[in-house]
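Novice: Submitted below is the structure of interest, expressed as structure tokens.
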Amino acid sequence: MRKIINSTYVSLDGVIENPQNWTSAYFQDEAAAYARDLLFSCGALLMGRATFDGFSQAWPSMEEATGDFGVRMNNLPHYVVSDSLKKPGWGDTTAIPRSDAVAEITRLKEQDGQDILQYGFGAVSRTLVEHGLLDELRLWIHPVFVGPADPEELLTRKDFSASFELADTRTFKTGVIIATYVPAAR
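In my numbering, the protein residues as written are 252 to 437.
Rendered as structure tokens:
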């Protein structure tokens, strides 16, 4: 059975939106190697519609700048949970209707192969947690306060709670801490 691993950048004040605006100063060689190892250890990407929209616009033109990382990002199978996406148009992408998400993601986990990677923490992530489908949560905690944010830009959400246990930590010279959590035993 494959694991689903969520990898999310978060600021000290809980902001997860637009990480390209506040993470670049902290993305040095150590972080790049870790990100590469994580991506290459996985055999598929799972995402919600907003992440898909951003990635599908950005990554096709980034292969030259990012090398084999960009090639891998573009060529992995992509699964996007969306009711409105009809023609994904980014490589090997399959749209999963929200009403079928739990069953389809469960089926994906049961397949042989490398783990499944999810970037960012939103509605799909909360569904995974609520249904016991998320195996690891890797928070890239950045030593920065981003400032005022709307509720939808934060890691936390109203009417959602979950408990996790710390499984591992990794600290980079830049002060970024990757805290790896697994769901707490029920």
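By construction, the Cβ of each residue, glycine as well, lies at the ideal position given by its N, Cα and C atoms.
1. Between the C-alpha atoms of Cys293 and Arg349, what's the straight-line distance to the nearest angstrom?
2. Can you tell me whether DSSP reads Ser262 as helix, strand or coil?
3. Report buried or exposed for Thr274, applying the criterion of at least 16 other Cβ atoms within 10 angstroms of its Cβ.
4. Between which two residues does the beta strand (DSSP E) containing Glu361 stretch?
5. Between Asn257 and Leu384, how many whole angstroms is the CB-CB distance? I'm expecting something under 8 angstroms.
6. Could you please give me the residues that DSSP links to Glu387 through a beta bridge?
7. CB-CB under 8 angstroms to Gln362, same chain, minus the five flanking residues each way: which ones, in chain order?
8. Which value, in whole angstroms, describes the spacing of the CA atoms of His393 and Gly364?
9. Return the Cβ separation of Asp386 and Val433 in integer angstroms, given the expectation that the two are a contact with Cβ distance under 8 angstroms.
10. My understanding is that Ala413 touches Val380, with C-beta atoms under 8 angstroms, so please give their C-beta distance in whole angstroms.
11. Only counting the same chain, and skipping five residues up and downstream in sequence, which positions put a Cβ closer than 6 angstroms to that of Pro328?
12. Can you give the Cα-Cα distance for Arg422 and Trp391, rounded to whole angstroms?
13. In the DSSP output, what is Arg421 paired with across the bridge?
Specialist: Quick answer:
1. 23 angstroms
2. strand
3. buried
4. For Glu361, there is no enclosing beta strand (DSSP E); the enclosing alpha helix (DSSP H) covers residues 352-361.
5. At roughly 10 angstroms, the Cβ-Cβ gap does not stay under 8 angstroms, so Asn257 and Leu384 are not in contact.
6. Ile256
7. Arg253
8. 31 angstroms
9. Confirmed, Cβ separation roughly 7 angstroms.
10. 5 angstroms
11. So the qualifying residues of the chain are Ala295, Asp343.
12. In the sequence under discussion, the amino acid at residue 422 is Thr, which differs from the Arg named in the question. C-alpha separation (whole angstroms): 10 angstroms.
13. Ile429
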